[in-house]
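Data block below; observations after.
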Amino acid sequence: MTLQPLDIGHADYVAITDPATAFWALVRKDRLAETLAGGPLLDAYRERAADFARELHGLRFELKPSAVYVNPTERCNLDCTYCYIPRDMRRDGEHMAADRLLAALERLKAYFATTLPAGRKPRVIFHGAEPLTNREALFAAIDACRDDYTFGVQTNATLLDDAALAFLTGRGVSIGLSLDGPTADVTDATRLSFGGKSVHDKVLSAMDRLRGYDAWSVIATCTAKNLDQLVPLVELFHAREAPTCMLNAVRCTLPGARTVKPADAALAHAFIAAVERSHALFRASGRKLVVANFANILLAILAPTARRLMCDISPCGGGRAFFALAPDGGLFPCSEFIGLPQFEGGNLFRDSMEDVLASPAFAKVTGRDVDKFAPCSTCAIRHFCGSPCPAEAHEMNGGMEKIGAFCGFYEEQVRYALRLIADGKAGDFLWDGWDAGVETSFSVNLP
Amino acid sequence: MSHTAQPQQTQTTPATSQPTAQPAVIASRRRCDADGVGLSHYILMDRKPAR
Chain A
0 MTLQPLDIGH ADYVAITDPA TAFWALVRKD RLAETLAGGP LLDAYRERAA DFARELHGLR
60 FELKPSAVYV NPTERCNLDC TYCYIPRDMR RDGEHMAADR LLAALERLKA YFATTLPAGR
120 KPRVIFHGAE PLTNREALFA AIDACRDDYT FGVQTNATLL DDAALAFLTG RGVSIGLSLD
180 GPTADVTDAT RLSFGGKSVH DKVLSAMDRL RGYDAWSVIA TCTAKNLDQL VPLVELFHAR
240 EAPTCMLNAV RCTLPGARTV KPADAALAHA FIAAVERSHA LFRASGRKLV VANFANILLA
300 ILAPTARRLM CDISPCGGGR AFFALAPDGG LFPCSEFIGL PQFEGGNLFR DSMEDVLASP
360 AFAKVTGRDV DKFAPCSTCA IRHFCGSPCP AEAHEMNGGM EKIGAFCGFY EEQVRYALRL
420 IADGKAGDFL WDGWDAGVET SFSVNLP
Chain B
0 MSHTAQPQQT QTTPATSQPT AQPAVIASRR RCDADGVGLS HYILMDRKPA R
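Just so you know, the protein sequences line up as chains A and B, in that order. Under numbering that gives the first Met the number 0, think of the first position of the first sequence as 0, with each following residue one higher. Under numbering that gives the first Met the number 0, think of the first position of the second sequence as 0, with each following residue one higher.
Below you can see the structure in the form of structure tokens.
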């Protein structure tokens, strides 16, 4: 075992990690030398290190797909600065015909029957582009296959009228929205229609109508255009009773996104301020607004296998925990790759899923391993972060064996998460009941 | 998620609770069957916040 110290910026504690197993401990600074010299902590860890290594290996290399991100259309009615779908495709692209979508879900059902235990439904998330531009096909598929899948839809909310909302909520479909600012001028800086119209008020209307529905969330994309507005944005989400949000660093896969890329340090500062504000609101109101992408970093530390998001792990979930289906039947490791033809691993209507999953295009993503390239291979937190995202690494930084777009931001998130654990606050930032079905495998708390 | 392994504990104070005196060492790990499928463009709402 190789233990590495990590300064977490805490007054009293320093972290030590064994990156190979994602083991961590917080040690009071005045006891660090004594602890590293040997004793109960190292003895206990030595007994479990092989188990932790097996657990991490299973999580990183032995999962089978249980979800598919289905793009039922290439089209979108918005022209967001940072979209990972090419502009021409969004403006002039094709819909998937309703019968074709149904045929796709039937084929996928047969595949998932070979990977999932009996009784566990696979998940289909309709994604985009904007899935509600192909509403009739989408709703027909949900009704036809409601017993076969757990459904979700990520939408820009502009087409989420009362009838659509009633249809989706009536069937228990999870709904994700997108909003980048607390005011229209901030949202408009990155999210406008092709005609240049604001969509801010339509999203607020959808949020108001979703109030009280458990299964909805909202994503804000953090860019250079809204960093100073993340705190009021969290306040808006909380006031509108969003159960969950994500404050995602903009994915820099396509060049347009890089025009609004924030600096790591500025992003970390603004992001942590927003997460802290969400906590203050919880303390004041008793109602949580979970910042899911940060909660996932906490889970990566506290319970690696309990992660909900599969971006912050290496290899990422693309092409192994899930994959993406394009409207023409093309299969990609993740939606993030749909604008990159070299990452198409095959076609659902022509190829077997097994062949697609083993294709060179998929292997390029599923083979991206932070243990095997610098600087990640010597990083103390590489299995809390995973150096997302491979699409960014490939397109922005020149290859799969490069870091993602926000290395420094992830380091700061991990330090902050460890400070919260040291201060006994971590539970405040997680979903209620996150630990149902989760068991303790290691616990050392030395006076 | 279902249980998959027998826990081994040296002591049982959860790392996420704040004791009165600062412990010299805090270390914990928890486990379950892995079933996460979210990505940065979507989070499946199967974990609900406290009300």
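Cβ coordinates follow ideal geometry from the N, Cα and C atoms, glycine included. Since the model is a prediction, treat every value here as computed from it, not as a measurement.
Interface annotation, M245 (chain A): in contact with chain B, CB-CB separation under 8 Å. F383 (chain A) and A21 (chain A) do touch by the CB rule: their CB atoms are close to 7 Å apart, below 8 Å. Across the set A:E73, A:A156, A:P64, the C-alpha of A:P64 shows the shortest separation from the C-alpha of P116 (chain A). DSSP, read as helix, strand or coil, puts F441 (chain A) in strand. In the DSSP assignment, N247 (chain A) falls within the unbroken beta strand (DSSP E) covering 243-248. When only Cα atoms are considered, F125 (chain A) and M95 (chain A) end up about 12 Å apart.
Straight through space, the alpha carbons of E234 (chain A) and E240 (chain A) are spaced by roughly 10 Å. Residue pairing by DSSP places I174 (chain A) opposite A:V152, A:W215 in a beta bridge. Scanning chain B for C-beta atoms nearer than 8 Å to the C-beta of L308 (chain A) yields G35, G37, L38, S39, I42, reported in chain order. For D263 (chain A), the nearest beta carbon of chain B is not closer than 8 Å to its own beta carbon. Ranked by Cα distance from N247 (chain A), the options A:C388, A:T113, A:R208, A:G151 are led by A:C388. Taking a beta-carbon distance threshold of 8 Å, I420 (chain A) counts as an interface residue toward chain B.
One alpha carbon belongs to D78 (chain A), the other to D161 (chain A), and they sit about 24 Å apart. From the beta-carbon of P446 (chain A), the residues of chain B found nearer than 8 Å are A20, P22, A23. Spanning the alpha carbons of A36 (chain A) and A325 (chain A) requires a straight line of approximately 55 Å. With respect to chain B, the C-beta atom of T16 (chain A) has no partner C-beta closer than 8 Å. Counted as a single uninterrupted DSSP element, the beta strand (DSSP E) harbouring L5 (chain A) occupies residues 3-5.
Taking C-beta atoms as the reference points, S216 (chain A) and P254 (chain A) fail to come closer than 8 Å.
For S351 (chain A), no Cβ of chain B is located within less than 8 Å of the residue's own Cβ.
Here T220 (chain A) carries a strand assignment [DSSP, helix/strand/coil]. Contact between the segment 342-356 of chain A and the segment 256-271 of chain A is absent: fewer than 3 CB-CB pairs across the two stretches fall below 8 Å.
For L280 (chain A) against N295 (chain A), the beta-carbon gap comes to about 20 Å, at or over 8 Å, which does not count as contact.
By the beta-carbon neighbour count (other beta carbons within 10 angstroms, threshold 16), M245 (chain A) is buried.
V259 (chain A) and E73 (chain A) have their alpha carbons spaced roughly 24 Å apart. Sixteen is the threshold: when 16 or more other Cβ atoms of the shown chains lie within 10 Å of the Cβ of Q153 (chain A), as they do, the residue is buried. Within the segment 312-327 of chain A, contact with chain B at the beta-carbon level (separation under 7 Å) is assigned to G316, A320, F321. A buried status is given to T132 (chain A), since no fewer than 16 other beta-carbon atoms sit within 10 Å of its beta-carbon. Spanning the alpha carbons of T149 (chain A) and R122 (chain A) requires a straight line of approximately 5 Å. Looking at the DSSP output, N76 (chain A) sits in no beta bridge, so it has no partner there. Note: R29 (chain B) is bridge-paired with A:T439 in the DSSP secondary-structure output. 8 Å or more divides the Cβ of D422 (chain A) from the Cβ of K287 (chain A). In the assembly as shown, P71 (chain A) is a buried residue. Its beta-carbon has 16 or more other beta-carbons within 10 Å. Judged by pairs of C-beta atoms under 8 Å, the segment 396-408 of chain A touches the segment 371-378 of chain A, as three or more such pairs exist. Cα atoms of A163 (chain A) and I300 (chain A): separation of roughly 39 Å, rounded to the nearest angstrom.
Under the three-state reduction of DSSP, V290 (chain A) is assigned to strand. Below the 8 Å Cβ cutoff, chain B contributes A33 as neighbours of L58 (chain A), in chain order.
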